[in-house]
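This note's numbering puts the first residue of the sequence shown at 59, with every later residue one more than the last. Virtual Cβ for every residue (Gly too), placed ideally from N, Cα, C. Bear in mind that the values here come from a model prediction, so they are computed numbers and not experimental data.
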Amino acid sequence: MTPRHHPGGAGDQQVVGADDVPARSPDAAPHADRSVTASPGQSSPGAAPARRTSPAQQVTEQLAARTREILERPRVEQSEEERAREKQVVHECRYLMRLLSTRRRSEGEMRQRLAEREVPADIAHETMARIARADLIDDAAFAREWVQQRRSLRALGDEALRRELGARRVDAELIEAALADGQSDEEQRCRELIRSRLDHRDRERLREERDGSHRRRLSRRLDALLTRKGYPGDLAVHVIAGELRAAAEDPAA
Numbered sequence: 059m060t061p062r063h064h065p066g067g068a069g070d071q072q073v074v075g076a077d078d079v080p081a082r083s084p085d086a087a088p089h090a091d092r093s094v095t096a097s098p099g100q101s102s103p104g105a106a107p108a109r110r111t112s113p114a115q116q117v118t119e120q121l122a123a124r125t126r127e128i129l130e131r132p133r134v135e136q137s138e139e140e141r142a143r144e145k146q147v148v149h150e151c152r153y154l155m156r157l158l159s160t161r162r163r164s165e166g167e168m169r170q171r172l173a174e175r176e177v178p179a180d181i182a183h184e185t186m187a188r189i190a191r192a193d194l195i196d197d198a199a200f201a202r203e204w205v206q207q208r209r210s211l212r213a214l215g216d217e218a219l220r221r222e223l224g225a226r227r228v229d230a231e232l233i234e235a236a237l238a239d240g241q242s243d244e245e246q247r248c249r250e251l252i253r254s255r256l257d258h259r260d261r262e263r264l265r266e267e268r269d270g271s272h273r274r275r276l277s278r279r280l281d282a283l284l285t286r287k288g289y290p291g292d293l294a295v296h297v298i299a300g301e302l303r304a305a306a307e308d309p310a311a
């Protein structure tokens with residue numbers, strides 16, 4: 059015998075099928091919802107695991123957020139005077155970059171060029187600040203390159219190199235560091251320079267002469283050369299005497 063059910067009765071044990079469950083009204087009271095809300099950082103039962111963001115994606119998202127912030131930032135209107143100043147600074151920056159495209163320059167050289175162009179002090183200051191922020195000023199590297207090239211191409215002595223770098227307003231400490239770099243032997247460079255200036259005729263006359271006249275003329279000429287090249291006087295005298303003696307004694311010297 060089938061039991062009879064009375065809707066709303068206190069002892070109701072009615073069984074309801076899934077198809078008989080009415081859809082929940084959007085206006086249903088919160089206490090009617092039996093779902094469990096997951097706490098922050100925890101997945102609700104049966105939910106798909108949260109997707110983790112890789113470090114690269116995080117950086118990309120941060121950059122995108124920063125870019126939006128910059129683009130959305132209200133622009134400050136510049137006065138006519140400010141626009142003219144900015145235009146002049148950019149013009150001088152481009153001028154210095156053209157100079158740097160030919161060879162490296164010292165900070166002092168660039169400042170001197172701006173002074174020769176009669177650039178106002180505030181414009182010159184801002185121009186040099188921007189060049190520095192772009193990592194285009196490196197006096198230590200400039201001094202090293204200058205020393206290497208001038209020794210190689212012109213066989214200059216240390217004193218001449220000091221004068222040249224000093225004229226380009228490089229700090230004395232950086233000059234000495236560049237001269238010491240590579241531990242180049244100044245005496246050996248001096249000897250090689252002397253040998254390069256003694257030709258076959260000079261060697262023959264040194265071997266054949268008896269009065270020493272040609273030797274004296276050569277000594278004066280070579281001493282003047284070494285002075286121009288910046289070699290110390292005592293070193294020049296020592297090297298010239300030794301190389302002329304060797305040339306007179308050995309034709310292959």
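Taking 8 Å as the upper bound for CB-CB distance, D260 and L276 are in contact here, some 6 Å apart.
At least 9 Å separates the beta-carbon of V205 from that of D257.
About 30 Å separates the Cβ atoms of E150 and T125, ruling out a contact at the 8 Å cut-off. Look at R209 here: in three-state DSSP terms it is helix. Counted as a single uninterrupted DSSP element, the alpha helix (DSSP H) harbouring Y153 occupies residues 138-158. According to the DSSP assignment, E307 belongs to the alpha helix (DSSP H) that extends over 291-307. In this structure, the CA atom of R188 is about 26 Å from the CA atom of A122. The stretch 196-211 and the stretch 219-236 touch, with three or more beta-carbon pairs separated by less than 8 Å. DSSP, read as helix, strand or coil, puts E184 in helix. Exclusion of the five residues before and after L280 leaves I252, R255, I298 as the residues of its chain whose Cβ lies within less than 7 Å of its Cβ. Proximity to I181 across I233, E140, R247 peaks at E140, based on C-alpha coordinates. From the listed residues L194, R191, I195, A236, the smallest Cα separation to Q207 is found for A236.
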